[in-house]
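Asks: Chains as they are written, first to last, in the numbering used here: chain S, -13 to 182; chain Z, -13 to 182.
Glycine included, every Cβ here is placed at the ideal spot set by N, Cα and C.
Every value quoted in this text rests on a predicted model; they were computed, and no experiment measured them.
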DNA sequence: CCGCATCCCCAAAGATACTG
DNA sequence: CAGTATCTTTGGGGATGCGG
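(1) Where residue 37 (chain Z) and residue 61 (chain Z) are concerned, what is the direct C-alpha to C-alpha distance, given to the nearest angstrom?
(2) Can you find a C-beta in chain Z that's less than 8 angstroms from the C-beta of residue 22 (chain S)?
(3) Residues of chain S with CB under 7 angstroms from residue 75 (chain Z), in chain order?
(4) So does residue 64 (chain S) have its beta carbon nearer than 7 angstroms to some heavy atom of the ligand FMN?
(5) Check whether the segment 24 to 38 of chain Z and the segment -11 to -1 of chain Z are in contact - that is, three or more C-beta pairs closer than 8 angstroms.
(6) Please list the terminal residues of the continuous alpha helix (DSSP H) segment that includes residue 164 (chain Z).
(7) Let me confirm a value: residue 156 (chain S) is counted as buried when at least 16 other C-beta atoms fall within 10 Å, else exposed. Which label applies?
(8) Please report the distance separating the alpha-carbon of residue 53 (chain Z) from that of residue 82 (chain Z).
(9) Residue 45 (chain S): buried (16+ other C-beta within 10 angstroms of its C-beta) or exposed?
(10) Return the chain-ordered list of same chain residues with a C-beta closer than 6 angstroms to the C-beta of residue 115 (chain S), the five sequence neighbours on each side being excluded.
(11) In chain Z, what lies closer than 9 angstroms to residue 99 (chain S) by C-beta?
(12) Can you round the beta-carbon distance between residue 88 (chain Z) and residue 117 (chain Z) to whole angstroms, since I take them to be within the 8 angstroms contact cut?
(13) How would you write the range of the alpha helix (DSSP H) that residue 77 (chain S) sits in, first residue to last?
(14) Distance, Cα to Cα, residue 106 (chain Z) vs residue 150 (chain S)?
(15) Quick check: the Cα distance between residue 70 (chain S) and residue 12 (chain S), rounded to an integer number of angstroms?
(16) Name, please, each residue of chain S whose Cβ falls closer than 7 angstroms to the Cβ of residue 68 (chain Z).
(17) Using the beta-carbon of each residue, which ones in chain S are nearer than 7 angstroms to residue 71 (chain Z)?
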């Protein structure tokens, strides 16, 4: 445990890994998806994680030729631990209280951490009005819309979020296979009432 | 994830939880088992963890009447996440280089994090000469010796440690059911050679 | 713009001493 | 034993700069 925390226990480190878990990212994109991190900290974390064999720097093939950070195989092996930690945290996390706190990538992260582990086969698209769209395709989170979705959920960001944590599609519009959505929401661990 | 880290992401927090995972402990005992923590940090962590519903203070029944800290039900639910993190860390952890670093409780922690998750039924006793003795009884770590052990392993602390991380009982003495020990060591994930 | 390095400032962490 | 008080040091947040 202590050694694991030496590798990824620093502040922000696991959140950097979380972002990279969904694919390689550029430095600036990472900064946007981690509001409040500060550029020096991000640079330091990436350097440390690289030194620890968790993250690797890579140059995209020309003509793209831009630098990206990606997880090593060892870094990807953190997935079970991160899933377990996220599910534990979710059990004491209530619905959002306001419209804020929706930073770039939040919807993808929500799908990846709360829906993907329990997802039945199928193509689900979530549209947060005026914000982002992300999808869940056969258990994998995908950014943006998806072709021929089985079911589409549409609503304000806070209502999409609430649907996931409460398990009830109350304030959102659902098009398509409502049974599939119901099945998914039933499979998601209901947020137990853990008194804070 | 971010919320989980708000609860247990501070430095030392998960190590405090790790110690309490093996039973209630007094303040001073926690301090001894967490070398380097500093009394103020320990007090702050315990207060924060209590505020977050992870730890609870409790007074032992008279005439013992001493204060102890213990995990709440929610705190105990961290076990899967901690196991996953510990196993991940263990894959990049080599054998110890010197005789130091063996603080009170190290043997119990070693058994709990590396052996217990894979243990077959049986009673195993580990004796670190001149240091500690701890046991593994049907998959659960127990401090101290055990009655009628099926197999006893005895050796210098560093050699007991090495046996666990390398999977080979080379520098230690084994009494009793060597087959059971071999079965256990085989079940333990071999420490993959992850280049640092 | 992207990808950082630098600088300043402050809050939190560490070490140590001390106390009910 | 179970912490609090005090002091020092480290690390994070925020702004800025700067070469590619």
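Replies: According to the structure shown:
(1) Going by the C-alpha atoms only, they are around 12 angstroms apart.
(2) When Cβ-Cβ separations below 8 angstroms define contact, residue 22 (chain S) makes no contact with chain Z.
(3) What residue 75 (chain Z) touches in chain S: -13, -11, -10, -7.
(4) In terms of ligand content, the structure shown is empty, and the ligand FMN therefore cannot be addressed.
(5) A contact exists between the segment 24 to 38 of chain Z and the segment -11 to -1 of chain Z.
(6) Start and end: 164 to 173.
(7) Sixteen is the threshold: since fewer than 16 other Cβ atoms of the shown chains lie within 10 Å of the Cβ of residue 156 (chain S), the residue is exposed.
(8) Computed Cα separation, rounded: 35 angstroms.
(9) The residue is exposed, with fewer than 16 neighbouring Cβ atoms inside 10 Å.
(10) Non-local C-beta neighbours of residue 115 (chain S) in its own chain, meaning closer than 6 angstroms and more than five positions away in sequence, comprise 142, ordered along the chain.
(11) Contact annotation for residue 99 (chain S) against chain Z: -13 [CB-CB distance below 9 angstroms, chain order].
(12) Correct: roughly 6 angstroms between the Cβ atoms.
(13) It is not in any alpha helix (DSSP H) - residue 77 (chain S) carries neither H nor E in the DSSP assignment.
(14) So the two alpha carbons sit approximately 39 angstroms from each other.
(15) Rounded to the nearest whole angstrom, the C-alpha separation of residue 70 (chain S) and residue 12 (chain S) is 27 angstroms.
(16) For a Cβ distance threshold of 7 angstroms, residue set -13 of chain S lies close to residue 68 (chain Z), ordered along the chain.
(17) Taking a Cβ-Cβ cut-off of 7 angstroms, the neighbours of residue 71 (chain Z) in chain S comprise -13, -10, 67, given in sequence order.
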